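For reference, the structure discussed in these notes is given below.
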Amino acid sequence: MKGAIFDLDGVIVDTAKYHYLAWKELADELGFEFKESDNERLKGVSRMRSLEILLEVGGITATEGEKIKMAESKNQRYVEMLENIDKSELLEGAEEYLKKIKADGVLIALGSASKNAPFILEKLQITDLFDVIVDGNSVSKAKPDPEVFLKGVEGLNLKPEECCVFEDSQAGIEAARKAGCGVIAIDKDGVLTDADKYVKNLGELL
Ligand code: B16
Ligand code: MG
1 MKGAIFDLDG VIVDTAKYHY LAWKELADEL GFEFKESDNE RLKGVSRMRS
51 LEILLEVGGI TATEGEKIKM AESKNQRYVE MLENIDKSEL LEGAEEYLKK
101 IKADGVLIAL GSASKNAPFI LEKLQITDLF DVIVDGNSVS KAKPDPEVFL
151 KGVEGLNLKP EECCVFEDSQ AGIEAARKAG CGVIAIDKDG VLTDADKYVK
201 NLGELL
């Protein structure tokens with residue numbers, strides 16, 4: 001492994017719980033119940049696709065303009081919640097593992113669907129550990145499209161087969177496979193398939 005490409009939500013930090021709270025507030029305003037089990041479908045998915053799934057759950061149709069406003073209002077709430085996060089939100093072993101492989105000379109990239117990724121890395125004080133950041137602002141095609149990981153590989157100036165992707169979503173694993181990278185699944189519930197190795201958290205790799 002010359003390069004390591006990390007997904008953010010579910011691998012380094014559990015932002016899914018804040019996404020859920022912010023989406024739930026929107027569902028409450030729209031007058032339907034959005035359950036935690038429904039939220040599973042939003043993991044690793046882009047913001048607009050998440051909104052479409054949420055509206056599908058509520059049986060609501062909306063115009064493009066309404067959808068943009070809803071997504072903006074959810075993001076505003078989500079960012080307000082993130083204001084208070086710090087290092088204590090890092091998942092088990094994440095920072096230690098990043099530091100260990102960096103010391104071993106492995107190049108590190110972020111490969112996340114989130115447009116808020118740079119802000120989250122700053123809050124967690126781990127921006128400096130990344131050589132390359134590929135996030136929702138720099139990709140046009142969502143996972144399972146391999147674009148996010150191919151850009152990571154390119155940014156690190158390596159070949160796909162020299163890189164390993166760390167992912168917690170099935171769509172992300174599929175994207176990494178299509179990119180030609182190795183894949184380690186962060187699979188705390190034992191539900192993922194098609195990876196080279198499965199761990200509950202990055203700490204298990206130390
Ligand atoms: P934002 P990841 C993803 O992060 C989340 O898992 C997903 O739930 C979210 O909709 C997506 O980022 C977009 O996030 O609204 O902040 O741009 O797992 O790809 O790191
Ligand atoms: Mg994820």
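Under this note's numbering, the first residue of the sequence shown is numbered 1, with each subsequent residue one higher. Glycine included, every Cβ here is placed at the ideal spot set by N, Cα and C. Since the structure is predicted, the reported quantities are computational estimates derived from the model, not experimental observations.
- DSSP, read as helix, strand or coil, puts K197 in strand.
- Uninterrupted beta strand (DSSP E) stretches at least 3 residues long and entirely within the region 110-195 occur at 132-134, 163-167, 182-186, given in chain order.
- Taking 4 residues as the shortest admissible run, the region 45-123 contains the following complete alpha helix (DSSP H) segments, listed from N- to C-terminal end: 47-58, 64-82, 94-103, 117-123.
- For F6, the enclosing beta strand (DSSP E) covers residues 3-6.
- For the set I184, L51, G172, the Cα lying nearest the Cα of G65 is the one of L51.
- Comparing alpha carbon positions, the residue from A27, L91, Y20, C163 closest to I60 is A27.
- A4 sits close to V106, with the two beta carbons spaced by under 7 Å.
- Between the alpha carbons of G155 and I186 lies a gap of roughly 23 Å.
- The three-state reading of DSSP puts D28 in helix, counting H, G and I together.
- Proximity to K74 across W23, E122, E92 peaks at W23, based on C-alpha coordinates.
- For E83, the number of other beta carbons within 10 angstroms of its own is below 16, and it is reported as exposed.
- Under the three-state reduction of DSSP, D38 is assigned to helix.
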